[in-house]
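Written out below as structure tokens is the structure these notes cover.
In the UniProt record's numbering, the protein residues as written are 1 to 451.
Right, dumping it as structure tokens:
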């Protein structure tokens with residue numbers, strides 16, 4: 001790749017993606033010309049347009065700007081999610097433009113900085129958002145590229161300087177091996193993306209390689225129990241970084257953090273669930289390693305408001321608790337259940353789940369059935385295909401038949417509001433990584449209007 005300083009124009013194929021849009025914002029802020037294509041308009045692409053980044057939604061060469069077609073000092077960025085028959089991307093390939101994957105560009109941007117990389121099949125986005133917030137709140141010169149919208153900033157991009165970079169190290173198609181982190185963590189390592197890796201042992205091999213990218217073992221934080229070398233992180237288990245004396249008060253955690261060097265007392269953290277508490281410890285440990293002062297970290301962690309679609313409270317009243325979450329793997333649904341059980345032990349709970357990808361539904365059907373069966377009522381939507389073609393026999397109805405529940409139903413999105421209204425469950429969860437997020441705002445408004 002040519003020196004990025006020489007690139008004057010960036011074109012993002014798939015600019016509406018959460019990781020792509022953060023990079024687009026970064027280069028726009030650097031004074032570069034930034035353009036992009038995506039197949040559908042979303043709130044995020046609307047924001048990019050409002051920020052001065054032109055976005056086209058037609059996959060046609062005629063839509064390309066003249067500044068892009070000059071080719072000189074132009075860099076094309078794409079993600080593996082873009083179909084191989086995409087007209088715009090194929091034009092750039094045939095015309096021999098300089099083209100890179102998003103992960104390569106992220107590696108290039110973070111190369112000459114103190115790079116803090118957050119890896120894991122679950123927990124990446126929340127952990128990196130907490131970490132970015134901690135460093136920003138402590139006035140450290142950080143740029144954070146996030147895989148979700150941090151509530152404190154209403155953005156997937158935090159900028160307070162360019163000496164430190166926080167990145168999500170994505171295991172999809174081994175992207176994270178493009179990075180050269182100085183400090184890293186692994187939040188979890190479940191089987192996922194089996195369509196790419198083939199089997200769980202290949203995933204473990206990739207994470208092992210990732211953990212070894214950092215020279216010093218003390219600069220790698222690992223969730224306890226994972227077969228990787230590094231400093232261990234746990235909640236109320238003996239570990240190098242350990243949350244101790246954990247209690248819940250007014251819907252928040254109070255705890256002490258034992259590190260290899262000290263015990264930090266009286267920490268408040270507002271996100272529910274032991275998985276989130278583990279994420280918080282990971283982020284605090286990495287922030288300490290990056291030089292953040294303890295005195296500042298305590299206030300910063302208490303002020304973290306969360307990430308959109310990660311246990312996001314949409315409504316919280318005596319009659320109704322409506323929660324929106326991105327969970328799309330059985331382990332994540334288990335973590336959700338643990339969190340709502342801890343916060344609302346005496347209330348009935350209804351989950352609405354939109355399975356994401358046919359391959360994932362097929363590969364983890366048994367796990368999905370078990371994790372969903374823990375809820376009092378289960379509502380399934382059709383599988384969201386994303387990048388995939390349908391697989392014969394793999395449907396939401398097939399999954400529904402495996403769920404052990406007296407109260408389970410498959411519905412269309414148009415019937416969702418009625419089904420939710422008829423349920424007497426106080427706690428309702430809208431869950432999935434597909435387009436269920438678009439339904440959340442409609443349902444939230446409906447319930448608020450009825451209140």
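Beta carbons are placed, not taken as given, at the ideal position from N, Cα and C, and that holds for glycine.
Buried versus exposed, by CB contacts within 10 Å (16 or more), residue i
i: residue 407; result: exposed
i: residue 439; result: buried
i: residue 252; result: exposed
i: residue 412; result: exposed
i: residue 350; result: buried
i: residue 313; result: exposed
i: residue 83; result: exposed
i: residue 332; result: buried
i: residue 109; result: buried
i: residue 209; result: exposed
i: residue 354; result: buried
i: residue 328; result: buried
i: residue 242; result: buried
i: residue 181; result: buried
i: residue 434; result: buried
i: residue 70; result: exposed
C-beta contact flag for residue i and residue j at 9 Å
i: residue 340; j: residue 429; result: yes
i: residue 248; j: residue 254; result: yes
i: residue 364; j: residue 385; result: no
i: residue 300; j: residue 116; result: no
i: residue 162; j: residue 103; result: no
i: residue 79; j: residue 19; result: yes
i: residue 381; j: residue 436; result: yes
i: residue 451; j: residue 316; result: no
i: residue 400; j: residue 419; result: no
i: residue 25; j: residue 155; result: yes
i: residue 357; j: residue 310; result: no
i: residue 120; j: residue 326; result: no
i: residue 152; j: residue 21; result: no
i: residue 344; j: residue 431; result: no
i: residue 405; j: residue 373; result: yes
i: residue 369; j: residue 338; result: no
Cut-off 6 Å between Cβ atoms - residues of its own chain near residue i, not counting five sequence neighbours on either side
i: residue 27; result: 10, 34
i: residue 348; result: 376, 425
i: residue 335; result: 273, 275
i: residue 106; result: 167
i: residue 197; result: Note that residue 197 scores a pLDDT of 46, beneath 50, so its modelled location is shaky and nothing firm can be said.
i: residue 179; result: 107, 117, 169
i: residue 114; result: 164, 182
i: residue 214; result: 181, 184, 220
i: residue 305; result: 151, 152
Close-in-space but distant-in-sequence residues of the same chain around residue i (CB under 7 Å, 5 per side omitted)
i: residue 224; result: 232, 233, 234, 237, 239
i: residue 279; result: 123, 126, 127, 130, 187
i: residue 193; result: Low per-residue confidence applies at residue 193: pLDDT is 45, beneath 50, and the placement is therefore not dependable enough to give any value.
i: residue 286; result: 116, 131, 183, 185, 221
i: residue 29; result: 159
i: residue 44; result: 16, 21
i: residue 228; result: 186, 207, 208, 211, 222
In DSSP terms, what residue i is bridged to
i: residue 12; result: 36, 77
i: residue 144; result: 158, 166
i: residue 322; result: 315, 428
i: residue 269; result: 253
i: residue 117; result: 167, 184
i: residue 349; result: 427
i: residue 356; result: 384
i: residue 235; result: 243
i: residue 101; result: 78
i: residue 56; result: 37
i: residue 409; result: 379
i: residue 258; result: 242, 263
i: residue 177; result: Its beta-bridge partners do not exist; DSSP assigns none.
i: residue 150; result: 155, 307
Residue i: CB within 8 Å of a non-hydrogen atom of the ligand FAD
i: residue 389; result: You won't find the ligand FAD in this model; it holds no ligand whatsoever.
Sequence-distant residues of its chain with Cβ nearer than 8 Å to residue i (five each side left out)
i: residue 158; result: 132, 133, 136, 142, 143, 144, 146, 150, 166
i: residue 398; result: 365
- request: Report yes or no: do three or more beta-carbon pairs, one from the stretch 30 to 39 and one from the stretch 2 to 16, lie closer than 8 Å?
  value: Of all C-beta pairs linking the stretch 30 to 39 to the stretch 2 to 16, three or more are shorter than 8 Å, placing the two stretches in contact.
query: Per the contact definition of three or more C-beta pairs closer than 8 Å, is the stretch 160 to 168 in contact with the stretch 132 to 151?
result: For the pair of segments examined, the stretch 132 to 151 was found to touch the stretch 160 to 168: the number of CB pairs separated by less than 8 Å reaches three.
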